[in-house]
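There are 4 protein chains.
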Amino acid sequence: MIITLKKTADASEVKALLEDLEGRSLQITQIVGENYDVFGLVGDTASIDERSLLANPIVYNVQRVAQPYKLANRMFHPEDTIVDVCGIPVGGRKIVMIAGPCAVEGKENVCRIAGEVLEAGADMLRGGAYKPRTSPYAFQGMGTEGIECLKAAKDKTGLPIVSELMSIDKLDEFVENVDVIQIGARNMQNFDLLKAVGRTNKPVLLKRGLANTIEEWIMAAEYIMSEGNPNVIFCERGIRTFEKYTRNTLDLSVIPILKERTHLPIIIDPSHAAGDYRLVESLSLAAIAAGADGLIIEVHDDPIHAASDGAQSLKPDKYADLVAKGRAIAKVIGRTL
Amino acid sequence: MIITLKKTADASEVKALLEDLEGRSLQITQIVGENYDVFGLVGDTASIDERSLLANPIVYNVQRVAQPYKLANRMFHPEDTIVDVCGIPVGGRKIVMIAGPCAVEGKENVCRIAGEVLEAGADMLRGGAYKPRTSPYAFQGMGTEGIECLKAAKDKTGLPIVSELMSIDKLDEFVENVDVIQIGARNMQNFDLLKAVGRTNKPVLLKRGLANTIEEWIMAAEYIMSEGNPNVIFCERGIRTFEKYTRNTLDLSVIPILKERTHLPIIIDPSHAAGDYRLVESLSLAAIAAGADGLIIEVHDDPIHAASDGAQSLKPDKYADLVAKGRAIAKVIGRTL
Amino acid sequence: MIITLKKTADASEVKALLEDLEGRSLQITQIVGENYDVFGLVGDTASIDERSLLANPIVYNVQRVAQPYKLANRMFHPEDTIVDVCGIPVGGRKIVMIAGPCAVEGKENVCRIAGEVLEAGADMLRGGAYKPRTSPYAFQGMGTEGIECLKAAKDKTGLPIVSELMSIDKLDEFVENVDVIQIGARNMQNFDLLKAVGRTNKPVLLKRGLANTIEEWIMAAEYIMSEGNPNVIFCERGIRTFEKYTRNTLDLSVIPILKERTHLPIIIDPSHAAGDYRLVESLSLAAIAAGADGLIIEVHDDPIHAASDGAQSLKPDKYADLVAKGRAIAKVIGRTL
Amino acid sequence: MIITLKKTADASEVKALLEDLEGRSLQITQIVGENYDVFGLVGDTASIDERSLLANPIVYNVQRVAQPYKLANRMFHPEDTIVDVCGIPVGGRKIVMIAGPCAVEGKENVCRIAGEVLEAGADMLRGGAYKPRTSPYAFQGMGTEGIECLKAAKDKTGLPIVSELMSIDKLDEFVENVDVIQIGARNMQNFDLLKAVGRTNKPVLLKRGLANTIEEWIMAAEYIMSEGNPNVIFCERGIRTFEKYTRNTLDLSVIPILKERTHLPIIIDPSHAAGDYRLVESLSLAAIAAGADGLIIEVHDDPIHAASDGAQSLKPDKYADLVAKGRAIAKVIGRTL
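Shown next as structure tokens:
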């Protein structure tokens, strides 16, 4: 940790600060500059709140040297983590394809779509039983009945289930019935929910918040991991920007960045990023070429009558096209799909 | 609702769309343009998912005319809502001052600070017992013990308590002990939590999410109100932008906008917006001049040793200065403080 | 154009507005809603300033139906535009590779790097002679001498030259010596400069501004085209967001969006977007898979001693790797490189 | 400057880097950490390009201690700069009021509005003769004739003229006829234009770019000052964010920040920030309370028929109201208006 003090700082104030720091068993090295004095602290600085240091009027600046994450940090865990989902490895050579409707709309409906995405090449089934909607007047999901529909679809197709958990009180239901627990973008910093899924050993698909930095996202993974669950899969779904032609701006640079800084798998959700089915194929192929470990894509066989997000849902035949093209790209970059 | 179709749309597809809409008892008016055909829909369009319409390839664009919020909408509720907090009206002529430490650190500590802010002119006490922290390794709050400390401070000073609820399972504790339930920025779209506080009749301080539009924020209020609780107080605390010299960018334009579009009170949190105690007074006075109904400000008598957010905490004497200056401005704009 | 009026509007005020509009030979269709009255205008609405309409207190909202761009609009020009650069088609089946140093540092230097990128597979040479730098104390470019160095490199390698024009007074120098005039991100809305290059027939590489919407970007192309120059090539180089691990956020969704809305080529600059050489390959391959018509990449054989942007420059051997991988992806998507 | 190296760095590479730095007469202090080695550099680090250092694979991070600006820096110029505009001090106790139409529309028109704003309490007249418009099909301003109109209005009212310069080739016209040269938001990083106005001694109103950080903005001032012109006035006009209810988000925190970091005056433009006349008064009073040195506000006596930006223009009587309210606030904070 680097602390920069103003030259105008009173000597006694500087002394008080340094004594305070030395009391915490930190080694301090001073660098005397022309306009500032800089102090480098070595030791367990993780316990120091840099914002408390900034509360001191003599402090000009505080900079951390080390990253604030440990368990997710590749520096301390050089090998890739591969998350096992019912025997399907996420984070390995195979690019994992997750597909299905935005919301579960009924048993017959989700079973039919599950069959279609399976045939098109999907590895897992997605579907929302509990839906976070901006409006209280919009369809809020089928709830427990939706989970039952997903189970029926899994029975029929064998596809593991990915579904979003919005509230701790449904955790048991998810642990029992769902194969990957999705934490949605709006809940990325719902820390109680993160801790709760951290106390299970279910794979967790951790979506990036709409306005969260990559560092905050890794820290959300750290919340889950610090409770004992190492099975975290990152999922980028676009961030909020000023652009109006897309719902969100898909940030594919997260792929090489997360690969360098963490050891966890990263999959991409082009559907929510774009908000427009016409952009999904292009962004999906880009994600594969960029090194993504998987794709989660909304597929519906009647988007015009979908209960939610029809505008961004692909029809099964278009999804099959996308899978075929993605497979060709996967092959030339040394992966499978 | 206005639907714009491409001129290239097939006649039978247009017919199918229109029949679908007419089946929902909507009146449709057509406007034939040069490059597009426009259809205006009148009737109960609230139930139509515009994103399902956009799923139709012949649809070029869908625009809503009316706002998506009803209960919070000033159009249907022209008078200002005044929220009563233990006899203190929020949203009236008096500008309400809420102050206290970021986190509750102990009984003696919070009681002392409560006394100081009372003397400086505060109307209510803020203090976090449950703390949403970016890092799992940072101080997470005292929990139930913290709530007890706040109650002790209320007993001593008479100041009503404002504190943040992070999880539904603590709702009963908050309903019993806290006077204003704060929903934090990170939980603004934690819809289950919004519904839960909507089922109480406690005043709710609803912070704006870091990257949420004003419309989404009003829709979050609508979630609370649609469950039966009309006592919503908006709280702006800065939004996330590219700027690095501040923690967030305080958006004071929300004050006249919310006053025009809704009937609910709006208070400003300059501490979290700025993230720097040196900016708090300037932004506080600005908020009062802009028409805010109140201010929530972090005050600590030893910021250097505060458990969190010392960098943005004012000392009690600085807070007293701010109150005095704010009072002078309140007076010239016809309000009290 | 759709104008929405408040129901509270006075009848005489509505009459005055409608008479004003009818005086402009517009056909008006009224749609009577419950809370609003909506008027659809058909005719030449391009001349109407929607912000003047919004100045009228009875107007609640104004929405344009048609896009504001004409010459760049694919609706009126369905075929792809292919821009010819010294015989190299930009926007065709072949993906065009542009490479070279950020800044021209000397004749020997740029000639050597030009030879290296040619060998690695580049089609054109980039290099800045005039440099837009945030600080007046940073290297500002070699100016005219830099242009001479680029010409020498072209003489040696045959690679056409792409270089940034910052000021109208250098236009003649660029028209005479440079093959593609680059308009940098900071000048995307320097309208006088756009008009000036619009009066030449040189190919123009139009970078997206750091905080410009796609619509504003297309309108900047429209400025160039409306002066008579149809040879516009879009170049995405990342937009400004809250994220701190990258210099900018590369927005690859622009590729399918521009392909749908305009007929102009689009190339991607991953170097400036990422600001970090370690991200360039991943983003480049993503851009190719997404359908980009080309890539402009910073290459330097001694990045540690580069005059600018060393942090984002690839070494020639890494660039050659990237080209080989890009070629393999191009092939499977039916293009060449 | 603080350089952090990875522990995995090869000893010979570290040695090469340090020798390179020592060759520049820098004193280097090493701090040995657990996972990183940190080096503090003292001396003239301004000439070091931190992005060249980052090009070195052994470098993990580079952080500057000192600000990159010198001439604008309050550290080296503690007293407030007061810019004289025809005898009117900008940056002193008096808050300066600038008002007028967005665009000059004719002699009679601007003279009449000038008379109205003078009567309402304005100190200077604003008006655009050259207009930066997003669309090439929108009104582009009257040009030289517009400047003549402004001169006529000055002759009539005595109000100094503030007008936007878009291109260097009009500089002489502006130096001769205009009292404050405005650099618009879109040209904030048009460095050639900044240098050009820096070579005059005219007061320059430097608007913040839509997506520029405060640091970049100060660096733009530094460009002007480094050419010899110390008469720079900052002007905040809102930044681009995701919010859609306002045209831009006004960032009032710039006022205390610029006051602390620089010695230059700062005025606020609420009209362009809000884009809506209904928000202007509220934001103006906020700016005064926050400590702004002036306000620049669009006023038009017939906004519905204004050539541009009618939606954000106040009528003269509303402007007079605003001035009166602003004066009352100015008084209680110890200033005049």
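Sequence order for the protein chains is A, B, C and D.
Quick note on my numbering: the first sequence kicks off at 1 and runs consecutively.
Quick note on my numbering: the second sequence kicks off at 1001 and runs consecutively.
Quick note on my numbering: the third sequence kicks off at 2001 and runs consecutively.
Quick note on my numbering: the fourth sequence kicks off at 3001 and runs consecutively.
Backbone N, C-alpha and C define an ideal beta-carbon position, used for all residues, glycine too.
Looking at the DSSP output, C/Asp2037 shares a beta bridge with C/Leu2005 and C/Val2032. The C-beta separation of B/Leu1041 from B/Ile1058 comes to about 16 Å, leaving the pair out of contact by the 8 Å criterion. If you draw a straight line from the Cα of B/Ile1113 to the Cα of B/Phe1139, it is about 20 Å long. Nearest in C-alpha terms to D/Ala3220, of all of D/Asn3187, D/Ala3324 and D/Pro3256, is D/Asn3187. Leaving aside the five residues that flank C/Cys2235 on each side, the residues in its chain whose CB is nearer than 8 Å to its CB run, in chain order, Gln2182, Leu2205, Leu2206, Lys2207, Arg2208, Ile2266, Ile2267, Ile2268, Asp2269 and Ile2296.
Going by beta carbons, A/Glu176 and A/Tyr130 fall outside the 8 Å limit. For D/Arg3074 and C/Lys2331, the gap between their C-alpha atoms comes out near 58 Å. Taking the beta carbon of B/Pro1256 as reference, no residue of chain A falls within 8 Å; the closest one sits roughly 22 Å away. Contact between the segment 108 to 126 of chain A and the segment 1029 to 1039 of chain B is absent: fewer than 3 CB-CB pairs across the two stretches fall below 8 Å. At a cut-off of 8 Å between C-beta atoms, B/Gly1326 does not count as an interface residue with respect to chain A. Within the model, the alpha-carbon separation for D/Thr3008 versus C/Ala2320 is close to 27 Å.
When only Cα atoms are considered, B/Asp1251 and D/Ile3224 end up about 30 Å apart. In this chain, the alpha helix (DSSP H) harbouring C/Pro2316 covers Pro2316 to Val2332. For the segment 3180 to 3203 of chain D, residues whose beta-carbon sits nearer than 7 Å to a beta-carbon of chain C comprise Arg3186, Asn3187, Gln3189, Asn3190, Phe3191 and Asp3192. Sequence-distant Cβ neighbours of C/Ala2211 in its own chain, meaning closer than 6 Å and more than five residues away, are Arg2240. As DSSP reads the structure, B/Glu1164 sits in a beta bridge with B/Gln1182. Here D/Arg3126 carries a strand assignment [DSSP, helix/strand/coil]. Residue contact with chain D for B/Ile1267: absent (no Cβ-Cβ distance below 8 Å to any residue of chain D). Looking at the DSSP output, B/Cys1235 shares a beta bridge with B/Lys1207 and B/Ile1267. For D/Met3097, the enclosing beta strand (DSSP E) has its first and last residue at Val3096 to Gly3100. Judged by DSSP in its simplified three-state form, C/Asn2177 adopts helix. Under DSSP, D/Thr3336 takes part in a beta bridge, and its partners are D/Lys3094.
Contact annotation: C/Ala2311 and D/Arg3051 have beta-carbon atoms nearer than 8 Å. Residue contact check for C/Ala2072 against chain B: no CB pair falls below 8 Å. For C/Tyr2223, the closest Cβ of chain A is not nearer than 8 Å. C/Pro2256 and B/Asp1169 have their C-alpha atoms spaced approximately 46 Å apart.
For the segment 1006 to 1028 of chain B, no residue has a beta-carbon sitting nearer than 9 Å to a beta-carbon of chain D. Looking at the DSSP output, D/Leu3295 sits in a beta bridge with D/Met3097 and D/Ile3268. For D/Lys3244, the closest of C/Asp2155, C/Val2232, C/Val2038 and C/Asn2061 by C-alpha to C-alpha distance is C/Asn2061.
The beta-carbon distance between C/Gly2326 and C/Ser2284, rounded to whole angstroms, is 6 Å. This is short enough to meet the 8 Å contact definition. It is roughly 35 Å from the alpha-carbon of C/Ala2287 to the alpha-carbon of A/Gly158.
In its chain, beyond the 5 residues on either side, Val2090, Gly2091, Ile2095, Val2096, Pro2265, Ile2266 and Ile2267 have a beta carbon closer than 7 Å to the beta carbon of C/Asp2293. Straight across, the Cα-Cα distance linking C/Glu2298 with C/Tyr2277 is about 9 Å. For D/Asn3061, the enclosing beta strand (DSSP E) begins and ends at Val3059 to Gln3063.
For a Cβ distance threshold of 7 Å, nothing in chain D lies close to B/Asp1080: the least Cβ distance comes to about 16 Å. A straight-line Cα-Cα distance of about 22 Å links D/Gly3143 and D/Asp3302.
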